[in-house]
Structure formats: structure tokens, C-alpha cells
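When the letters of the sequence shown are read in order and numbered with our numbering, they come out as residues 1 to 453. Please read the structure below before turning to the comments.
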Amino acid sequence: MEEQRGAVGVLRKERGSEGIRKCPRRRCSSASSGVHKISDIIGLVFRNKKATFALVCQTLKHLPIIKDVLDAATILNAKWKRQQDLIYIITYDILFGQAVSLVGDAEKFLMHRKDALQTALARLLVKKNVKTPQDLVDLYRIPEVSKPRYVRVNTLKMDVDSALLELGQQNMVEKDNMVPDLLVLPPSTDLHNHPLVTNGSVFMQGKASSMVAAALDPKPGWEVLDACSAPGNKTVHLAALMRGKGKIIACELNKERVIRLKETIKLSGASNIEVLHGDFLNCNPNDSSFSKVRAILLDPSCSGSGTASVRLDHLLPSNAAGHAAGVTDTERLNKLAAFQRKVLMHALSFPAVERVVYSTCSIHQIENEDVVKSVLPLAASYGFQLATPFPQWQRRGLPVFEGFQHLLRTDPVEDGEGFFIALFTKRDDKNHSEKQATCRNNSKSLARDSCTE
1 MEEQRGAVGV LRKERGSEGI RKCPRRRCSS ASSGVHKISD IIGLVFRNKK ATFALVCQTL
61 KHLPIIKDVL DAATILNAKW KRQQDLIYII TYDILFGQAV SLVGDAEKFL MHRKDALQTA
121 LARLLVKKNV KTPQDLVDLY RIPEVSKPRY VRVNTLKMDV DSALLELGQQ NMVEKDNMVP
181 DLLVLPPSTD LHNHPLVTNG SVFMQGKASS MVAAALDPKP GWEVLDACSA PGNKTVHLAA
241 LMRGKGKIIA CELNKERVIR LKETIKLSGA SNIEVLHGDF LNCNPNDSSF SKVRAILLDP
301 SCSGSGTASV RLDHLLPSNA AGHAAGVTDT ERLNKLAAFQ RKVLMHALSF PAVERVVYST
361 CSIHQIENED VVKSVLPLAA SYGFQLATPF PQWQRRGLPV FEGFQHLLRT DPVEDGEGFF
421 IALFTKRDDK NHSEKQATCR NNSKSLARDS CTE
């Protein structure tokens, strides 16, 4: 079965990528969120996307139960334990899904032990003092908050009012009160197969994610660098904000994600985006290729903790049965923060750049306020200061340093996603230019007294 084999690959990718996530990286937010976002992450395209998506999400929802059943049944030897993703998928189908075809060794192995699996499930229900498998699922479930659905109008193809009119024929739609090209729809709205989505006239993109490019606010005709661009939703948003004029350099290191990035660009109709397959840290700020870059969007790899509930991360093995909720890997966060500081310092060093946005979909101070605070001396030496994106937004940064009120946070519960945005803008100070030049020649040091203010 194609969707079963495809689901195994997706599940393996999901379970293997718990550590570091690139945003936007949404997984199984609900059955209506669509497998399209899964393929955004892994760069795969299945003929039967909906069936694959449903199988992956249902397996993830039942994963703690499946693991307990397999442990109790004691039927797996070392060979099958090495193929646990396939075992999880087939076990889900045997216990909760559709009839299993005896097409492979794993299917035959488990079907011959179906009685043992069903007996283990029955005993688990008794042990947990519940009546149905759904009751077991509910034990592991994070309460779901009803959130509106957002779509961003791709103004390269369609104006906002026209999109509002067309979507309003079947849905209650209104304009967002903050992001001009964002529309708000009821929580249950499913637009994955809507013509406006499939032809790239609108993108299914959350409000917090849409605020990132809007905060950078690039002008038509500018040259802009998107430092970590795949899957490309923010990249093509930049193109729309620039009305297709100027130039966007979209930098992406991962080969598979470059393919996905190019697909997003093609869907958007943007013609002013140049894809650079390479490491942003290897981009020489003094190279003539970047001499006209005036703005940089930096959305680096992060923990993804602000979108964990949307992606059902609480159902992945590190948060499943036997693991305490909310436990974080300090070493992993420290490594992420070190990388984030490095790329932010690099972004600030481009001579012609006037605006830099640093964003994450993390709730952790170490990836957000601490990163920003650590680069402030260097930023000041280059003539940058913190500015206030969306000043009308109520949730600001944590009060851990002077100027925290310039930072922007969204809350994963109240706003649906936990994002962080910091905007650096360059002061218009001609007398500062000489000091800037001196500091660039010593950019590896953050502690030069002559370079701080």
C-alpha cells in the first residue's frame, strides 16, 4: 500500500527530527491541516497525500498506546525493533485502522500475532480504567484551543479585496486587524483543495508567521537577503511586499529544501527571487554580490517549541508515555542558541544593510531575548538599534534587559503559535560611519571599548 509505505517514511522523518526544527514547520495540526505541510518538511510528494497524512497523524495520536501494547505483548525480536516505524504503522492499522493486506513480511508477522495485540490492548484498557481506545488517546492529549484559520493573500496574483470576496462565498471571512494581506476564517475551515490555494493566489500561513516578513517591511526595488529561506512562505511574502520589484536572494543549505523552496517560488509567481544553494555563514558580507542588500530576514533553525502543540509533538516519543511534559534538552538549546547568535552577528555585519529581522518559533528565552541581548554591543557598533515591530501588539519580550519592550512575542495558547521577532534598524548617523568601518575590521570581537555605545 503506497500510503502505508509513504507514512513509514514520514514517521521516521518526524521521529528522527525531534531535535532541531526549521520554521515554518507545521505538521499534523488537525485532520484538516493537510499533508501538504508534511511534504513541506520532508520534500516528498505522494500520489495519495490525504491518505498518507491521515495514516501518519492517526499513528502519532495512538503512538503511546501502540508502544504500550507492543511492550505488553512482548512479540518483537531485535529484527523488528530495528524497523519500529513500520511496526507502528501496521500495528495502528491492525488495532484501529483498516484491514491489513499480507503484502510484506512485517504485515504477515504482526497479523499472525493479532490476537496477542488485541489482548494486550484489552488489558491496557482495564489497567487505565477506561472503556475505549479513544479514552486512552484522551489521556495523552493536550487540550485543543479553537483557533481561527489564517490565509495570506499573495498580492502578486490577487488583491486582498478580491480574495475576500471569493472566499466569502462559502466562508465567513474578515481582514486581519494587523497584517494587511492576511484574512481570518473560522477554525474548522479547510481550504487545502480550494482553487485559490492550489493556484498560489493565497497561502495557508499563520498570523505569527506572516508577521515576520511584514516586520522587515522591505520596499519595492530593494535588494533583500532571506538567510534561511526554505520552505519559502516568508520568502514569497517578501516578494509580494516588494510588489515583485527589486531582488531577493533566497539562501538555503539543504538540497531537498532547495527543491521545496523552488516549488513555493514557482507557485507564488514571484520572478524577483534568486535561489542561492549554500550556507549563509559562507556568504561574504564584503562580496560585491551583496553590496546592495538593504534588508535581511533571519529565521534560523530553532527548537520549534512555540509550535509544538500544533505539530502534535506531545505525541512523539520524547513526550509520549514515560516522559515528563515540558522537559527540555539544555545542551541542545545551548547549541541552538550558539548557532543563532553566530548567524545573527553575521547578518548584522553586511555593510549596506539597514534592517534585520531575527525570528524564531521558540518560547525559550535562551533562543530569543538572550540571543538578542548578546549581540547588542556588536549591533550598536554597526549602527543598529532595536526598533518596535507592530507597536500596537500587546505581547512584548521578557523584561530581561533594557529595551525588551521593542521585542515581540506571540503566545502558543492565546495566539495559536509561539513566535519571537526582533527588528534591528540602522541609525541615520553619518558621524557613526568611521566607527562602523573600524568595528567591521574587528568583527570577531564583541568587547572592544571603542566599538560600543
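Every residue gets a Cβ at the ideal spot worked out from N, C-alpha and C, and that includes glycine. Since we're looking at a predicted model, the values are computed, not measured.
{"Check": "Sort out for me which residues DSSP pairs Lys175 with in a bridge.", "Outcome": "Leu183"}
{"Check": "Which of the three DSSP states, helix, strand or coil, is assigned to Cys302?", "Outcome": "strand"}
{"Check": "Are the stretch 287-298 and the stretch 220-230 touching, with three or more C-beta to C-beta distances below 8 Å?", "Outcome": "yes"}
{"Check": "Determine whether the beta carbon atoms of Ala163 and Val179 lie at a separation below 8 Å.", "Outcome": "no"}
{"Check": "For Phe350, which of Tyr382, Leu333, Leu110, Arg341 has the nearest alpha-carbon?", "Outcome": "Tyr382"}
{"Check": "Contact between the stretch 110-121 and the stretch 197-216: three or more CB pairs below 8 Å?", "Outcome": "no"}
{"Check": "Bridge partners for His277 per DSSP, in chain order?", "Outcome": "Glu252"}
{"Check": "Report the three-state DSSP secondary structure of Ser146 (helix, strand or coil).", "Outcome": "coil"}
{"Check": "Mind checking whether the beta-carbon of Leu336 lies closer than 7 Å to any heavy atom of the ligand SAM?", "Outcome": "The model on display carries no ligand, and the ligand SAM is accordingly not part of it."}
{"Check": "Comparing C-alpha positions only, which one of Lys262, Arg332, Lys247 sits nearest to Ser291?", "Outcome": "Lys247"}
{"Check": "In or out: Gln169 buried (at least 16 other Cβ within 10 Å) or exposed?", "Outcome": "exposed"}
{"Check": "If I follow the unbroken alpha helix (DSSP H) through Thr360, where does it start and stop?", "Outcome": "No alpha helix (DSSP H) contains Thr360, which is instead part of the beta strand (DSSP E) from 355-360."}
{"Check": "Rounding to the nearest angstrom, what Cα-Cα distance links Ser305 and Ala422 in this structure?", "Outcome": "17 Å"}
{"Check": "Buried or exposed, going by whether 16 or more other CB atoms sit within 10 Å of the CB of Ala352?", "Outcome": "exposed"}
{"Check": "Indicate whether Ser210 and Tyr150 have their beta-carbon atoms separated by less than 8 Å.", "Outcome": "yes"}
{"Check": "Within 10 angstroms of its Cβ, does Ala250 collect 16 or more other Cβ (buried), or is it exposed?", "Outcome": "buried"}
{"Check": "Taking buried to mean at least 16 other C-beta atoms within 10 Å of its own C-beta, is His112 buried or exposed?", "Outcome": "exposed"}
{"Check": "Between Asp176 and Lys207, is the Cβ-Cβ spacing less than 8 Å?", "Outcome": "yes"}
{"Check": "Can you round the beta-carbon distance between Lys262 and Val137 to whole angstroms, since I take them to be within the 8 Å contact cut?", "Outcome": "No, Lys262 and Val137 are not in contact; Cβ-Cβ is about 38 Å, not under 8 Å."}
{"Check": "Cα-Cα, which of Arg395, Asn286, Lys335 is closest to Ile366?", "Outcome": "Lys335"}
{"Check": "In the DSSP assignment, find the unbroken alpha helix (DSSP H) run with Val126 in it and report its ends.", "Outcome": "114-127"}
{"Check": "Where Pro317 and Gln84 are concerned, what is the direct C-alpha to C-alpha distance, given to the nearest angstrom?", "Outcome": "Below a pLDDT of 50, predicted positions are generally treated as unreliable, and Pro317, at 46, falls in that range; no measurement from the model is reported."}
{"Check": "Measure how close the beta-carbons of Ala215 and Pro389 come, nearest whole angstrom, since I'm counting them as under 8 Å.", "Outcome": "4 Å"}
{"Check": "Count the other C-beta atoms from every protein chain shown that fall within 10 angstroms of the C-beta of Asn286, then say buried if there are 16 or more, exposed otherwise.", "Outcome": "exposed"}
{"Check": "For Pro220, collect the residues of the same chain with a Cβ closer than 7 Å to its Cβ; drop the 5 residues on either side in sequence, then sort them by chain order.", "Outcome": "Met242, Arg243, Lys245, Gly246"}
{"Check": "Assuming Glu369 and Leu407 form a contact by the criterion Cβ under 8 Å, report the distance between their Cβ atoms to the nearest whole angstrom.", "Outcome": "7 Å"}
{"Check": "Please report the Cβ distance between Ile265 and Thr235, rounded to the nearest whole angstrom; I am assuming they are in contact, meaning their Cβ atoms lie under 8 Å.", "Outcome": "7 Å"}
{"Check": "Please give the ranges of any beta strand (DSSP E) in the stretch 194-254, keeping only runs that are unbroken, at least 3 residues long and fully inside the region.", "Outcome": "223-226, 247-252"}
{"Check": "Buried or exposed: which applies to Val343, given that a residue is buried once 16 or more other Cβ atoms fall within 10 Å of its Cβ?", "Outcome": "buried"}
{"Check": "Spatial neighbours of Leu139 within its chain, please: C-beta separation below 6 Å, excluding the five flanking residues on both sides.", "Outcome": "none"}
{"Check": "In the DSSP assignment, what are the bridge partners of Leu297?", "Outcome": "Asp226, Val357"}
{"Check": "How far does the beta strand (DSSP E) with Phe290 in it extend, from its first residue to its last?", "Outcome": "Neither: Phe290 is in no beta strand (DSSP E) and is coded neither H nor E."}
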